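Numbering (my numbering), first residue to last: 1064 to 1374. C-beta atoms are modelled at their ideal positions from N, C-alpha and C, and glycine is treated no differently. Bear in mind the structure is a predicted one, so any value in this text is a computation, not a measurement.
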Amino acid sequence: MSPEPLCTKIPACSLCGEPAVIHQRHAGHFLCGTHLIADLEHRVSETVASRQQIVPGDCVAVALSGGKDSTALLFLLHRLFKSHSDIRLVAVTVDEGIDGYREATVRSAEDLVRRLGVTHITVSFGELFGDSLDTILKGRKTQACSICGILRKKALVVGAERAGATKLATGHNLDDEAQSVLMNVLRGDLVRLVRNSGADSGGRFIPRIKPLMYVQEKEIATYLMVQGIWEDLPECPYAIHALRREVRSMLSGIEYRHPGTMLRLMENKKILETGFSGKTGEEPVGYCRECGNPCSGETCQICQIRHSLLR
Ligand code: SF4
Ligand code: ZN
């Protein structure tokens, strides 16, 4: 009996029969490169349209770290909106000052904006907070992601304001969103779990949007590879301290064995958001008494970090 040819082991695209590049386990589909691109762009444009994330007249600041999610986000939004003269995209990169990591991703971001012809604004922690993240974190590396997260959020808003943006788009994907749901449960922070941070701007801050929120990380990685824009970049050296890293590995194992788990987590979040709508003291409700920025308590988180650094 002749051996089975190797090529028969590559599954075929469920739509056209060409060799598949991805198995969408939750949907039970195999897709080739062409159909993955079409499927992903269709789903993102549906998310954007159904949630009115981007509307005519918008100037969208796209948070571009240079990593794979933000690269896919800018690339995809550019494809979807390049022919819309009433929608403008501006890329905003935050340079936290992380030695041996940020240089490569900033370079990757610069290459992409040059290729797409998108305006690019860079904001650094040094310029805004007086020091690089590496310096700020001396003696407190285990708190890296919480401190970095708060400062980076502020830096992105400054970049978006400089761009004159009406929306701030971030590359959070389905994995990130599902991980956040679990992390908030593990921390016992149910208020944050049901808080819809982008929905209640009331004109006080630029609404945040997440066009990739229903796209899996592996779909994004494959999308970039198929388009020839995948780049292997270093990982942030502080990521090893993050709770997210542990939750990520646990959740991807569960998703593999029980496809659709991440989507179900998001569905549950939506149900809770609806049930608690208007009862969570949504953010932000007032202004910081020290710096005047919008915040939910008396002092904003940036001023709290400043105080803890001076101790
Ligand atoms: Fe900042 Fe943590 Fe992300 Fe590194 S892994 S860039 S410290 S949030
Ligand atoms: Zn196909």
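Beta-bridge pairing of residue i - partner residues as DSSP gives them
i	result
F1093	H1086
H1183	A1154
I1272	A1232
P1357	Y1350
A1075	P1082
V1125	A1154, A1232
Any non-hydrogen atom of the ligand ZN within 7 Å of residue i CB
i	result
T1285	no
H1141	no
L1103	no
E1081	yes
H1098	yes
C1358	no
L1078	yes
Under the three-state DSSP convention, the category residue i falls into
i	result
L1231	strand
Y1286	helix
E1067	Reliability fails at E1067, whose pLDDT of 49 lies under 50, so the model's placement of it is uncertain and the value that follows must be treated cautiously. E1067: coil per DSSP, three-state reduction.
V1254	helix
G1160	coil
Q1242	helix
H1141	helix
I1210	helix
L1296	coil
A1305	coil
K1131	helix
T1168	helix
G1193	coil
T1362	coil
K1332	helix
I1368	helix
R1114	coil
L1200	coil
Y1319	helix
G1338	helix
L1108	For the sequence presented, residue 1108 should be read as Ser rather than Leu. In this structure, S1108 counts as helix in the three-state DSSP scheme.
G1222	helix
V1248	helix
Own chain partners of residue i with C-beta closer than 6 Å, once the 5 adjacent residues on each side are dropped
i	result
C1122	R1151, G1227, A1228, T1229
T1356	It is Asn, not Thr, that sits at residue 1356 in the sequence shown. For N1356, where only same-chain residues beyond five positions count, the Cβ hits under 6 Å are C1363.
S1187	D1158
S1264	Residue placement at S1264 is flagged as unreliable, the pLDDT there being 49, under the threshold of 50; a coordinate-derived value is accordingly withheld.
R1307	Q1242
V1153	A1124, T1182, A1226
Neighbourhood of residue i by C-beta distance below 8 Å, restricted to the same chain and skipping five residues each side
i	result
L1314	D1238, A1241, Q1242, L1245, T1324, M1325
H1147	P1119
I1161	S1195, L1196, D1197, C1299, P1300, Y1301
R1203	I1210
N1331	V1244
M1064	Unreliable positioning characterises M1064 in this predicted model, as indicated by a pLDDT of 45, which lies under 50. A coordinate reading is not provided.
I1085	F1093, L1094, L1099, K1281, E1282, T1285
I1213	Q1364, I1365, I1368
Check: residue i C-beta below 7 Å from any heavy atom of the ligand SF4
i	result
G1180	no
A1172	no
C1095	no
E1166	no
A1218	no
A1207	yes
E1361	no
A1305	yes
A1135	no
G1212	yes
C1351	no
E1309	no
E1159	yes
A1302	yes
C1299	yes
8 Å Cβ cutoff, residue i in contact with chain D
i	result
L1152	Absent from the structure is chain D; it holds one protein chain and no more.
Residues near residue i by beta carbon distance below 7 Å, same chain, minus five either side
i	result
L1103	V1278, E1282, Y1286
L1139	E1104, V1107
E1280	N1236, D1238
H1089	P1322, G1323, L1326
P1066	Its pLDDT being 48, under 50, P1066 is placed unreliably in this model, and the value from its coordinates should be taken loosely. Once the five neighbours on either side are set aside, P1066 has no close Cβ partner at all.
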